[in-house]
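Undergrad: Under the numbering used here, the first residue of the sequence shown carries the number -16, and numbering increases by one thereafter.
Note that beta-carbon positions come from the ideal geometry of N, C-alpha and C, so glycine has one too.
What you are looking at is a predicted structure, and each value in this text was computed from that prediction instead of being measured.
One structure coming up, written as structure tokens, with questions to follow.
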Amino acid sequence: MRLTRYFMPVLRENPAEAQIVSHRLMLRAGMIKQNAAGIYSWLPMGFRVLRRIEAIVHEEQQRAGHIPMLMPTVQPADLWRESGRYDAYGPEMLRIRDRQDRDMLYGPTNEEMITDIFRSHVGSYRDLPLTLYHIQWKFRDEMRPRFGVMRGREFYMKDGYNFDLTREDALHAYNRHLVSYLRTYERMGLKAIPMRADSGPIGGDDTHEFLVLAETGESEVFYDSAVTDLTFGDRDIDYDDVTQCQSILEEFTNLYARTDETHDAAIFEGVPEERRRTARGIEVGQIFYFGTKYSEPMGATVQGPDGKPVPVHMGSHGIGVSRLVGAIIEASHDDRGIIWPEGVTPFHCGIVNLKQGDSDADAACEALYAALTAEGLDPLYDDRDERAGGKFATMDLIGLPWRITVGPRGLKNGVVELTSRRTGESEELTPEEAVKKVV
Ligand code: ATP
Ligand code: MG
Ligand code: MG
Ligand code: MG
């Protein structure tokens, strides 16, 4: 992409309405525009990051054997009357009446709808296990929408639902989700810690939230500092292997880590004092096992091996795709701007032309652009006729992992400058060497 042909409305001043750094940087980098309280447009730069996060979520879900689909944003109220949640959900639900006077709603989550789909089409235990998921916009009329996309009213969520014959099978599905989430967040450059949590309006008795530690997080968390040393890494996972998934769950959840809702001071005392931490965290996902809470009232049964109908055991599993954009920035930035992890960066590499219009510099930039593109990377070429200082400030603000700086002086010696956004270190390399390093 060439900056002169792009749409990236960067702000020079700090927007007054932004209270936390990720919101400030997303506005300044021209990633989002607020249209109403808690409702945002994703401008091209923000949209690129959102799409990359979404792609990682899709890949990891499908690696775990989960099946993608798409349900609508608007749902009929009658489904929610069947489960009893239409009244229970309260004012967070955006209720809509259509021209035929039917009660509709903008979905805050999809347990009822997926259960209805399931009961319409699945009748036998032989069709289980089954896990379906989608990534779709949700609406919750939050009391205090704030912090930009972190607590929006409209937000983008991956929500998946498992259907199993027995409690045991459903617990494997739970463990499988936990494992796949560990991998998912790590690919985004994030440390998200699974913590024992409270199930809230989804219901059920087994649940973990995934939290990213950050001062601006809305949850209070208590943990053994040893959990922050655990990494998932490049493990070979067989998602059908019950024992393997169970043992990874244990590895990542045996140490004390809880949100304030389930915090138990007496048990916490058992953690060695020097490892006891109280901090704040951002909830980026949550998994639930809730058994037959929806299948029973909604009649989602299958015929068991003995021919008798049994209600299926279910769980639901959410990832806050749009919230993650803010959470990643909270976890990865400095005074000058965002520092994108490679896995989610909107462009891989910036090219800064120090002297636009100089034929050598222009040609070298074009050649770099072509070479990077040929390697399958997305470069962002700052081809504006601007001062170098302004170009550097923009690149630092938008936080691409690499910057290649091209100027007539370096070119005389056959070199360009390659700078890492994260370390700030620069080195002089030939254009070919620079491309090799970025790839
Ligand atoms: P919170 O405690 O922050 O209100 P939640 O527990 O109500 O979130 P879940 O029902 O568990 O949310 O939804 C799954 C995920 O969707 C959350 O873990 C979070 O990452 C994301 N999410 C929930 N509410 C919002 C929101 N208002 N804006 C952006 N993302 C959200
Ligand atoms: Mg909530
Ligand atoms: Mg919550
Ligand atoms: Mg939650």
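(1) Please state whether the Cβ-Cβ distance between L380 and R11 is less than 8 Å.
(2) Take R85 and list the residues in its own chain whose beta-carbon comes closer than 8 Å to its own, dropping the five residues that flank it on each side.
(3) Three-state secondary structure (DSSP) at P51?
(4) What I want to know is whether the C-beta of R306 ends up closer than 7 Å to one or more non-hydrogen atoms of ligand 2.
(5) Inspect the beta-carbon positions of S202 and T190 and report whether they are closer than 8 Å.
(6) When you compare each of D289, L213, R159 and T413 to T226 by their alpha carbons, which one comes out closest?
(7) Quick one: is the Cβ of R127 within less than 7 Å of any heavy atom of ligand 1?
(8) Check for me: the beta strand (DSSP E) holding V57 runs from which residue to which?
(9) At the level of alpha carbons, what is the spacing between G326 and K174?
(10) By the 10 Å Cβ neighbour count, where 16 or more other Cβ atoms means buried, how is T214 classified, buried or exposed?
(11) Expressed to the nearest angstrom, what Euclidean distance is found between the alpha-carbon atoms of T98 and Y23?
(12) Run the proximity test for R68: is its beta-carbon closer than 7 Å to any non-hydrogen atom belonging to ligand 2?
(13) Tell me whether the beta-carbon of V421 lies closer than 8 Å to the beta-carbon of H316.
(14) Could you please give the first and the last residue of the uninterrupted alpha helix (DSSP H) stretch that includes Y23?
(15) I'd like the span of the alpha helix (DSSP H) that includes F205, first residue to last.
(16) Between the alpha carbons of R427 and H104, how many angstroms are there, rounded?
(17) With a threshold of 7 Å, establish whether the CB of E266 neighbours any heavy atom of ligand 3.
(18) Rounded to whole angstroms, what's the CA-CA distance from E400 to A314? Just pull it up for me.
(19) Applying the criterion that 16 or more other CB atoms from any shown protein chain within 10 Å of the CB defines a buried residue, is E234 buried or exposed?
(20) Does any heavy atom of ligand 2 sit closer than 7 Å to the C-beta of R136?
(21) Is G131 near ligand 4, judged by its Cβ being under 7 Å from some heavy atom?
(22) Buried or exposed for V57, please, with buried defined as at least 16 other CB atoms from any protein chain shown within 10 angstroms of its CB.
(23) Measuring CA to CA, which of D365, G340 and M378 is closest to P391?
(24) Comparing alpha-carbon positions, which option in E257, G200, L26 and L355 lies nearest E415?
(25) Helix, strand or coil for K16 per DSSP?
(26) How big is the Cα-Cα spacing for F101 and E37?
(27) Could you tell me which of A417, Y144 and N93 sits nearest to R123, measuring between CA atoms?
(28) With a cut-off of 8 Å on the beta carbons, I'd call M171 and L307 a contact; round off their distance for me.
(29) Inspect the beta-carbon positions of S5 and M133 and report whether they are closer than 8 Å.
(30) Given this structure, state the Cα-to-Cα distance separating P329 from F30, to the nearest angstrom.
(31) Got a sec, what are the start and stop residues for the alpha helix (DSSP H) P280 sits in?
(32) If you draw a straight line from the alpha carbon of D368 to that of M52, how long is it in whole angstroms?
(33) Can we say the region 257 to 273 touches the region 294 to 309, given the rule of at least three CB pairs closer than 8 Å?
(34) What does the alpha-carbon distance come out to for the pair A1 and G106?
(35) Note down the Cα distance separating V204 from E256, rounded to an integer number of angstroms.
(36) Residue range of the beta strand (DSSP E) that L194 falls in?
TA: Taking the structure as given:
(1) Here residue 380 corresponds to residue number 397 of the sequence shown, with the count starting at 1. Here residue 11 corresponds to residue number 28 of the sequence shown, with the count starting at 1. Result yes, Cβ atoms of L380 and R11 sit closer than 8 Å.
(2) Here residue 85 refers to the residue found at position 102 of the sequence shown. Around R85: P59 and A60.
(3) In the sequence shown, the residue the question calls residue 51 occupies position 68. Strand at P51.
(4) Numbered from its first residue, the sequence shown carries residue 306 at position 323. Not under cutoff, so the answer is no.
(5) Mapped onto the sequence shown, residue 202 falls at position 219. Mapped onto the sequence shown, residue 190 falls at position 207. Cβ atoms of S202 and T190: not closer than 8 Å.
(6) By 1-based counting over the sequence shown, the position of residue 226 is 243. Of the candidates D289, L213, R159 and T413, the one whose C-alpha sits nearest the C-alpha of T226 is R159.
(7) As a working mapping, residue 127 is identified with position 144 in the sequence shown. No, the Cβ of R127 stays beyond 7 Å of every heavy atom of ligand 1.
(8) Residue 57 sits at position 74 when you count from the first residue of the sequence shown. V57 -> beta strand (DSSP E) spans V57 to P59.
(9) The residue given as residue 326 occupies position 343 in the sequence shown. The residue given as residue 174 occupies position 191 in the sequence shown. About 13 Å.
(10) Numbered from its first residue, the sequence shown carries residue 214 at position 231. So T214 counts as exposed.
(11) Taking the sequence shown and counting its residues from 1, the one referred to as residue 98 is at position 115. Taking the sequence shown and counting its residues from 1, the one referred to as residue 23 is at position 40. Approximately 30 Å, taken between the alpha carbons.
(12) As a first step, residue 68 must be located in the sequence shown, where it is residue number 85. Flag unset: Cβ of R68 not near ligand 2.
(13) Residue mapping note: residue 421 aligns to position 438 of the sequence shown, counting from 1. Residue mapping note: residue 316 aligns to position 333 of the sequence shown, counting from 1. No, the pair does not count as a contact, with Cβ atoms beyond the cut-off.
(14) As a first step, residue 23 is located in the sequence shown; it is residue number 40 there, counting from the start. Taken as a continuous stretch (DSSP letters only), Y23 belongs to no alpha helix (DSSP H), being part of the beta strand (DSSP E) at I22 to W25.
(15) Looking up residue 205 in the sequence shown gives position 222. It is not in any alpha helix (DSSP H) - F205 instead sits in the beta strand (DSSP E) that spans S202 to D207.
(16) A query on residue 427 cannot be resolved here, the shown segment of the chain reaching from -16 to 422 and no further.
(17) Numbered from 1 along the sequence shown, position 283 holds the residue referred to as residue 266. Yes, the beta carbon of E266 sits closer than 7 Å to at least one heavy atom of ligand 3.
(18) By one-based count along the sequence shown, residue 400 stands at place 417. By one-based count along the sequence shown, residue 314 stands at place 331. Looking at the two C-alpha atoms, the distance is approximately 27 Å.
(19) Residue mapping note: residue 234 aligns to position 251 of the sequence shown, counting from 1. So E234 counts as exposed.
(20) The count along the sequence shown starts at 1 and reaches residue 136 at position 153. Incorrect: R136 has no Cβ contact closer than 7 Å to ligand 2.
(21) Within the sequence shown, the letter at position 148 stands for residue 131. No, ligand 4 has no heavy atom inside 7 Å of this Cβ.
(22) Counting from one through the sequence shown, the residue named residue 57 turns up at place 74. With fewer than 16 Cβ atoms within 10 Å of its Cβ, V57 is classed as exposed.
(23) As a working note, residue 391 is residue 408 in the sequence shown. Checking every option, the nearest Cα to that of P391 belongs to G340.
(24) Position 432 of the sequence shown, counting from 1, holds the residue named residue 415. Of E257, G200, L26 and L355, the residue nearest in Cα terms is L355.
(25) Taking the first residue of the sequence shown as 1, we reach residue 16 at position 33. The answer is strand: DSSP assigns K16 an E or B state.
(26) As a position in the sequence shown, residue 101 is number 118, starting the count at 1. As a position in the sequence shown, residue 37 is number 54, starting the count at 1. Whole-angstrom Cα-Cα distance: 25 Å.
(27) One-based indexing of the sequence shown puts residue 123 at position 140. It is N93 whose Cα lies nearest to the Cα of R123.
(28) Counting from one through the sequence shown, the residue named residue 171 turns up at place 188. Counting from one through the sequence shown, the residue named residue 307 turns up at place 324. Right, the Cβ-Cβ distance comes to about 7 Å (below 8 Å), so this counts as a contact.
(29) Within the sequence shown, the letter at position 22 stands for residue 5. Within the sequence shown, the letter at position 150 stands for residue 133. Taking 8 Å as the Cβ cut-off, S5 and M133 qualify as a contacting pair.
(30) Against the sequence shown, residue 329 aligns to sequence position 346. Against the sequence shown, residue 30 aligns to sequence position 47. Cα-Cα distance, rounded: 8 Å.
(31) Start at 1 with the first residue of the sequence shown, and residue 280 comes out as number 297. Segment S278 to M281, the alpha helix (DSSP H) holding P280.
(32) The residue labelled residue 368 in the question sits at position 385 within the sequence shown. The residue labelled residue 52 in the question sits at position 69 within the sequence shown. For D368 and M52, the distance between alpha carbons rounds to 46 Å.
(33) yes
(34) Start at 1 with the first residue of the sequence shown, and residue 1 comes out as number 18. Start at 1 with the first residue of the sequence shown, and residue 106 comes out as number 123. Looking at the two C-alpha atoms, the distance is approximately 51 Å.
(35) On the sequence shown, position 221 is the one that residue 204 refers to. On the sequence shown, position 273 is the one that residue 256 refers to. V204 and E256: Cα-Cα distance of roughly 16 Å.
(36) Counting from one through the sequence shown, the residue named residue 194 turns up at place 211. Unbroken beta strand (DSSP E) run through L194: D189 to L196.
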